[in-house]
Amino acid sequence: INVSPLLGFHQSSVPLSGGYNGAKPEKVLMTQLIVLNSQDHLNLRVSPSLTSQTAGMNAVSVIPHELPRLLAHYPVFFLKSQESGRFEPVALLGFEVGENLFYANGRWDVDYVPLQIQRHPFSLVQRPPTAGVPASLDLAIDMDSPQISSTEGERLFADDGKATKFLEDRASMMQALVT
160 INVSPLLGFH
170 QSSVPLSGGY
180 NGAKPEKVLM
190 TQLIVLNSQD
200 HLNLRVSPSL
210 TSQTAGMNAV
220 SVIPHELPRL
230 LAHYPVFFLK
240 SQESGRFEPV
250 ALLGFEVGEN
260 LFYANGRWDV
270 DYVPLQIQRH
280 PFSLVQRPPT
290 AGVPASLDLA
300 IDMDSPQISS
310 TEGERLFADD
320 GKATKFLEDR
330 ASMMQALVT
């Protein structure tokens, strides 16, 4: 089963591919994660529409606070992580590798999409500690994602360099995945 990385951030204990229990990396791999900043990404736009690339998985890790919404739509089970040895909640989307029975004809056929999928193309990357400053998590984006554009979609930063409501909402979503 190919499960996206638990908690939505990437560090050495969480495989970039989400390949738990011996699964091989799939096409959901975030290949070019870049930490966001308003100077370099002022005009960057993101399509809020999820792509078939992000839907192309048969299971996805979930967080406890989404369970009430998930249980109305998906079978949920617990999978033992080979990395941590802990059992993690997972929503089953399909039975074959890359199969998603809830995504058809370019759209989701359910009222709720797991946060681990909604977060794409965003991720969190760990910033190492430096002289008196503890380690932290930075919001990053996969520049290879088909959701990225310079002309279409939601802007991430306003002209004055401040985060837009869209970016603030995505940052809040990422925070929910790690708290």
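Here the sequence shown is numbered in this note's numbering, starting from 160 and rising by one per residue.
All C-beta atoms in this analysis are idealised placements derived from N, C-alpha and C, irrespective of residue type, glycine included.
These numbers come from a predicted model, not from an experiment.
Separation of residue j from residue i, as counted between CA atoms
i, j, result
"V205", "L260", "25 Å"
"I222", "V292", "29 Å"
"G280", "L251", "The sequence given here places Pro at residue 280; Gly does not occur at that position. Their Cα atoms are separated by approximately 21 Å."
"P184", "F237", "In this predicted model, P184 has a pLDDT of only 39, less than 50, meaning its place in the structure is not dependable; the value taken from the coordinates is given anyway. Spanning the two alpha carbons is a distance of roughly 20 Å."
"W267", "L230", "16 Å"
"M332", "Q241", "26 Å"
"F316", "D328", "12 Å"
"Q191", "R278", "16 Å"
"L201", "E313", "12 Å"
"V249", "L283", "20 Å"
"A369", "G265", "With the chain running from 160 to 338 in the structure shown, residue 369 is simply not present."
"T213", "D301", "12 Å"
"P287", "A294", "5 Å"
"T310", "S208", "15 Å"
"L336", "I193", "19 Å"
"S197", "G257", "35 Å"
"H232", "E255", "18 Å"
"Q285", "G244", "22 Å"
"V269", "G253", "14 Å"
"L195", "L203", "10 Å"
"T338", "D199", "28 Å"
"D318", "L326", "14 Å"
"D334", "L296", "The question names Asp, yet the displayed sequence has Gln at residue 334. Using only the alpha carbons, I get a separation of about 10 Å."
Residues near residue i in its chain [Cβ-Cβ closer than 6 Å; skip 5 each side]
i, result
"A330", "L298"
Span of the alpha helix (DSSP H), counted from its first residue to its last, around residue i
i, result
"A214", "S211 to A214"
"I276", "L274 to Q277"
"V337", "K324 to V337"
First through last residue of the beta strand (DSSP E) which encompasses residue i
i, result
"D301", "S295 to D301"
"V194", "L192 to V194"
is_contact[residue i, chain D] using C-beta, thresh 8 Å
i, result
"K324", "Any reference to chain D falls outside this structure, which holds one protein chain only."
Own chain partners of residue i with C-beta closer than 7 Å, once the 5 adjacent residues on each side are dropped
i, result
"E159", "No information on residue 159 is available, as it lies outside the stretch 160 to 338 that the chain covers here."
"T210", "P305 and Q306"
Close beta carbons around residue i, own chain, < 8 Å, minus the five adjacent residues each side
i, result
"P234", "A250 and L251"
Exercise for review: Evaluate contact between the stretch 209–225 and the stretch 308–327, counting only Cβ atoms and requiring at least three cross-stretch pairs below 8 Å.
Suggested key: no
Review point. Taking one C-beta from the stretch 257–273 and one from the stretch 303–312 each time, how about it: are there three or more such pairs within less than 8 Å?
Key: no
Exercise for review: May I ask you to verify whether the stretch 266–274 touches the stretch 223–234, counting CB pairs closer than 8 Å and requiring at least 3?
Suggested key: yes
Check your understanding: Which whole runs of the alpha helix (DSSP H) in the stretch 219–282 are 4 residues long or more, in chain order?
Key -> 226–229 and 274–277
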